[in-house]
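Scroll down for the structure; my scribbles are underneath it.
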Amino acid sequence: MSASEVQTFTPREFHRQAHDALGNPQIRANFRKAMDGLMSKRRDVFSDWDLETLRELGANIRLRALAKLPDLLERLEANCQANGIQVHWAENGDEACRIIREICQRHGAKAVIKGKSMVSEEMHLNAHLEEAGIEALESDLGEYLVQLNEQTPSHIIMPAIHLNTDEISDIMHAKTGTERTRDVDYMTAAARAQLRERFMAADVGVSGVNFAVAETGTLCLVENEGNGRMTTAVPPVHIAVTGIEKVVEHLRDVPPLYALLTRSATGQHVTTYFNMISSPRKPGEHDGPNEVHLVLVDSGRSSIYQDDELLDTLRCIRCGACMNHCPVYTRVGGHTYGTTYPGPIGSILMPHMMGLEATKDLPTASSLCGACGEVCPVKIPIPDLLVRLRREAVGEGRGNVPGAGVKRTKKEVAAWKGFQWLATHPGAWRSSTAIAGKLQALMPSKLGPWTEYRTAPKPAKESLHALVKQHKAKRHQAGKADEDGEKRS
Numbered sequence: 001m002s003a004s005e006v007q008t009f010t011p012r013e014f015h016r017q018a019h020d021a022l023g024n025p026q027i028r029a030n031f032r033k034a035m036d037g038l039m040s041k042r043r044d045v046f047s048d049w050d051l052e053t054l055r056e057l058g059a060n061i062r063l064r065a066l067a068k069l070p071d072l073l074e075r076l077e078a079n080c081q082a083n084g085i086q087v088h089w090a091e092n093g094d095e096a097c098r099i100i101r102e103i104c105q106r107h108g109a110k111a112v113i114k115g116k117s118m119v120s121e122e123m124h125l126n127a128h129l130e131e132a133g134i135e136a137l138e139s140d141l142g143e144y145l146v147q148l149n150e151q152t153p154s155h156i157i158m159p160a161i162h163l164n165t166d167e168i169s170d171i172m173h174a175k176t177g178t179e180r181t182r183d184v185d186y187m188t189a190a191a192r193a194q195l196r197e198r199f200m201a202a203d204v205g206v207s208g209v210n211f212a213v214a215e216t217g218t219l220c221l222v223e224n225e226g227n228g229r230m231t232t233a234v235p236p237v238h239i240a241v242t243g244i245e246k247v248v249e250h251l252r253d254v255p256p257l258y259a260l261l262t263r264s265a266t267g268q269h270v271t272t273y274f275n276m277i278s279s280p281r282k283p284g285e286h287d288g289p290n291e292v293h294l295v296l297v298d299s300g301r302s303s304i305y306q307d308d309e310l311l312d313t314l315r316c317i318r319c320g321a322c323m324n325h326c327p328v329y330t331r332v333g334g335h336t337y338g339t340t341y342p343g344p345i346g347s348i349l350m351p352h353m354m355g356l357e358a359t360k361d362l363p364t365a366s367s368l369c370g371a372c373g374e375v376c377p378v379k380i381p382i383p384d385l386l387v388r389l390r391r392e393a394v395g396e397g398r399g400n401v402p403g404a405g406v407k408r409t410k411k412e413v414a415a416w417k418g419f420q421w422l423a424t425h426p427g428a429w430r431s432s433t434a435i436a437g438k439l440q441a442l443m444p445s446k447l448g449p450w451t452e453y454r455t456a457p458k459p460a461k462e463s464l465h466a467l468v469k470q471h472k473a474k475r476h477q478a479g480k481a482d483e484d485g486e487k488r489s
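Okay, structure coming up:
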């Protein structure tokens with residue numbers, strides 16, 4: 001099966017999907033070439049920098065923002081509203097989709113043009129809008145290609161990285177009528193021409209957010225193709241959608257994170273475009289939308305926030321460097337994980353969004369070589385968090401992650417103890433894996449995924465939106481008390 005053929009993937013079938021990917025030479029060749037190039041570019045672009053000092057700065061900026069997250073979210077909302085940006089809160093993806101659909105319907109929208117947004121992928125926004133009779137078209141070239149091929153992104157920065165030139169040519173020929181060719185410039189120009197008309201005809205533009213600045217109420221968008229600028233400036237309505245963790249405290253916090261993001265993601269000193277959106281179109285301005293909306297999405301992030309270890313997951317600036325250097329991801333590709341966020345970061349993030357029962361194999365999709373932690377620009381201790389989630393997946397640890405705290409049968413306990421022993425005895429490990437390989441060749445149908453674990457319900461945790469409301473109530477009460485005191489005096 002070629003990389004361009006449509007398949008359905010699920011995290012519950014990670015082992016089978018990984019086995020299929022390892023047996024697909026085209027997928028392995030596509031990823032090997034791409035990952036080698038990205039690792040080389042990252043190494044070269046940081047060669048003249050004090051990388052560790054910059055990483056420490058980036059980590060501290062993100063940690064400071066997380067330490068003040070409820071307060072910063074409140075400030076972001078207040079400053080955005082003061083700038084004329086309408087702010088909406090969504091506890092989960094379904095609520096976010098409903099909010100966006102209602103905004104579109106209120107404006108009679110029939111066509112939506114989208115800039116790159118992994119949060120919109122996470123909430124399956126396109127499918128939701130299409131069910132409501134609203135066409136949603138991706139404008140990022142990689143996203144456009146996977147949408148044409150009825151696939152999902154296989155990488156958070158380069159969505160179509162699993163496709164080679166011939167496969168892209170076949171997709172564009174079949175879906176848009178372009179000539180079959182290996183001329184990349186021709187295909188890029190054809191896609192640009194196809195999309196340019198759609199920008200002009202769109203009723204609503206939807207984008208993601210790389211950094212949301214609480215101090216100024218500014219939404220920052222990083223991109224290379226200009227599609228983000230077109231999406232946010234041409235349609236009369238712009239809807240920005242982001243996870244609640246993307247907020248930073250000050251505008252001065254953005255340049256260090258931007259320097260880390262671009263160099264870690266694509267090996268660039270800067271991207272072609274850096275957009276700063278602070279308001280709708282003002283009187284006398286010649287472009288820009290008449291309305292700007294910001295949708296803040298929780299979807300399990302509040303649960304992560306209230307865990308002092310897993311909180312580090314929320315530092316992520318979505319650069320994809322952990323994927324580019326992961327020996328597992330680079331061999332099996334992003335679709336194998338069956339989740340919106342693949343690779344090491346997805347293995348520690350998706351269990352909160354989907355539950356450990358559905359994603360219990362993802363934390364084991366790592367050799368624990370430590371490469372992901374070493375290259376993370378904001379120093380997320382990914383290997384430590386993978387180990388933590390492995391324990392939770394088998395009923396050990398704190399049991400804070402949805403679907404954790406499971407009970408194991410005696411057979412499962414014995415199996416895990418046996419695995420622990422093998423993992424600390426290299427000779428026995430080599431022998432056992434050799435035997436297992438021969439058995440799998442003889443009886444592939446007998447070796448399936450791990451037994452499904454039985455889950456215990458966990459108490460619901462307070463959302464950050466609720467904490468923001470509490471902050472507002474306390475400030476209101478304090479202000480009222482001050483006013484009463486002044487009146488009495």
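Numbered by the working numbering, the letters in the sequence shown go through residues 1 to 489 in order.
Using N, Cα and C, we set each Cβ at its ideal position, and we do this for glycine too.
At least 3 beta-carbon pairs within less than 8 Å: the segment 135–150 vs the segment 109–121: yes
M276: first and last residue of the uninterrupted beta strand (DSSP E) it sits in: For the purposes of this step, residue 276 is identified with residue 276 of the sequence shown, where counting begins at 1. First-last of the beta strand (DSSP E) with M276: 273–277.
Proximity below 8 Å, CB of D312 to CB of L385: In the sequence shown, the residue the question calls residue 312 occupies position 312. In the sequence shown, the residue the question calls residue 385 occupies position 385. In this structure, L385 lies closer than 8 Å to D312 by Cβ.
Cβ-Cβ distance between D361 and F14 below 8 Å: Locating residue 361 in the sequence shown gives position 361, where the first residue counts as 1. Locating residue 14 in the sequence shown gives position 14, where the first residue counts as 1. Yes, they are a contact pair.
Same chain, Cβ closer than 6 Å to C372, neighbours up to 5 away in sequence not counted: Taking the first residue of the sequence shown as 1, we reach residue 372 at position 372. So the list reads C322, C326, P344, I382, once near-sequence residues are dropped.
Those runs of the beta strand (DSSP E) which lie wholly inside the segment 273–334 and span at least 3 residues: 273–277, 291–297
Stretch-stretch touch, CB-based, cutoff 8 Å, three pairs: the segment 72–86 with the segment 204–215: yes
Closest residue to A109 among T8, H238, D183 (Cα-Cα distance): The residue you call residue 109 lines up with position 109 of the sequence shown. A109 has its Cα closest to that of H238, out of T8, H238, D183.
L356 versus E396, V241, S154, residue with shortest Cα-Cα distance: The residue labelled residue 356 in the question sits at position 356 within the sequence shown. Looking at the Cα atoms, E396 is the closest of the given residues.
P499 versus K469: straight-line alpha-carbon distance, rounded: The structure shown does not extend to residue 499, since the chain is modelled only from 1 to 489, so the question has no answer here.
Beta-carbon separation (whole angstroms), R42 vs R331, contact threshold 8 Å: The count along the sequence shown starts at 1 and reaches residue 42 at position 42. The count along the sequence shown starts at 1 and reaches residue 331 at position 331. Contact flag wrong, Cβ pair sits at about 19 Å.
Reduced DSSP secondary structure (H/G/I, E/B, other) of F14: On the sequence shown, residue 14 is found 14 positions in, with the first residue counted as 1. DSSP places F14 in helix when its eight states are reduced to three.
Buried versus exposed, by CB contacts within 10 Å (16 or more), D50: Here residue 50 refers to the residue found at position 50 when the sequence shown is read from its first residue. Looking at its Cβ environment, which holds fewer than 16 other Cβ atoms inside 10 Å, D50 is exposed.
For M123 and I156, believed in contact at Cβ under 8 Å, the rounded distance: The count along the sequence shown starts at 1 and reaches residue 156 at position 156. The count along the sequence shown starts at 1 and reaches residue 123 at position 123. With a Cβ gap of about 15 Å, I156 and M123 do not count as contacting.
Chain-order list of residues whose beta-carbon lies under 6 Å from that of V375 (same chain, five-residue window excluded): Residue mapping note: residue 375 aligns to position 375 of the sequence shown, counting from 1. Once the five neighbours on either side are set aside, the close Cβ partners of V375 are A321, H325.
Cross-strand partners of Q477 (DSSP beta bridge): Looking up residue 477 in the sequence shown gives position 477. Its beta-bridge partners do not exist; DSSP assigns none.
Cβ contact (3+ pairs, closer than 8 Å) linking the segment 245–264 and the segment 164–183: no
Inter-residue CB distance, I317 and P377 (contact presumed, cutoff 8 Å): In the sequence shown, the residue the question calls residue 317 occupies position 317. In the sequence shown, the residue the question calls residue 377 occupies position 377. About 7 Å separates the two Cβ atoms, so the contact holds.
Per-residue burial, C369 [other beta carbons within 10 Å of its own, 16 or more giving buried]: As a first step, residue 369 is located in the sequence shown; it is residue number 369 there, counting from the start. Exposed, by the Cβ-count rule.
G346, enclosing alpha helix (DSSP H) - first and last residue: Residue 346 sits at position 346 when you count from the first residue of the sequence shown. 343–354 is the span of the alpha helix (DSSP H), which, as asked, contains G346.
Distance CB(T232)-CB(N275) smaller than 8 Å: Walking along the sequence shown from the start, residue 232 turns up at place 232. Walking along the sequence shown from the start, residue 275 turns up at place 275. Contact: yes.
Nearest neighbour of V87, chosen from A365, Q151, L219 [CA to CA]: Working through the sequence shown from its first residue, we reach residue 87 at position 87. Closest by alpha carbon: L219.
T8, DSSP secondary structure in three states: What you label residue 8 is simply residue 8 of the sequence shown in a count that begins at 1. Reduced to three states, the DSSP call for T8 is coil.
Span of the alpha helix (DSSP H), counted from its first residue to its last, around E33: As a first step, residue 33 is located in the sequence shown; it is residue number 33 there, counting from the start. It should be pointed out that residue 33 corresponds to Lys in this sequence rather than to Glu. Here the alpha helix (DSSP H) through K33 covers 25–45.
R12 versus T359: straight-line alpha-carbon distance, rounded: By 1-based counting over the sequence shown, the position of residue 12 is 12. By 1-based counting over the sequence shown, the position of residue 359 is 359. About 6 Å.
Residue ranges of each alpha helix (DSSP H) within the segment 132–204, 4 or longer: 141–148, 165–176, 184–201
Option nearest Y273 by Cα separation, candidates D185, G346, E225, N92: Sequence index remark: in the sequence shown, residue 273 carries index 273 (1-based). When only C-alpha atoms are compared, the closest one is E225.
Cβ pair V295, I134 closer than 8 Å: If you number the sequence shown from 1, residue 295 lands on position 295. If you number the sequence shown from 1, residue 134 lands on position 134. No, they are not a contact pair.
DSSP beta-bridge partners of Q470: Residue mapping note: residue 470 aligns to position 470 of the sequence shown, counting from 1. Q470 pairs with nothing; no bridge assigned.
Strand pairing of L221, partner residues [DSSP]: In the sequence shown, counting from the first residue as 1, residue 221 sits at position 221. L221 pairs with N275.
Where S463 sits in the DSSP three-state scheme: Numbered from 1 along the sequence shown, position 463 holds the residue referred to as residue 463. Reduced to three states, the DSSP call for S463 is coil.
Buried versus exposed, by CB contacts within 10 Å (16 or more), D493: The chain is shown from 1 up to 489; residue 493 falls before or after that span and cannot be answered.
G228 - containing alpha helix (DSSP H), residue span: Within the sequence shown, numbered from 1, the residue matching residue 228 stands at position 228. G228 -> alpha helix (DSSP H) spans 227–233.
Distance CB(L464)-CB(L69) smaller than 8 Å: By 1-based counting over the sequence shown, the position of residue 464 is 464. By 1-based counting over the sequence shown, the position of residue 69 is 69. Yes, they are a contact pair.
Environment of K33 [buried if 16+ CB atoms lie within 10 Å]: Here residue 33 refers to the residue found at position 33 of the sequence shown. Exposed: under 16 other Cβ atoms inside 10 Å.
Cβ-based burial, G228 [other Cβ within 10 Å; buried from 16]: The sequence position of residue 228 within the sequence shown is 228, counting from 1. Under this definition G228 is a buried residue.
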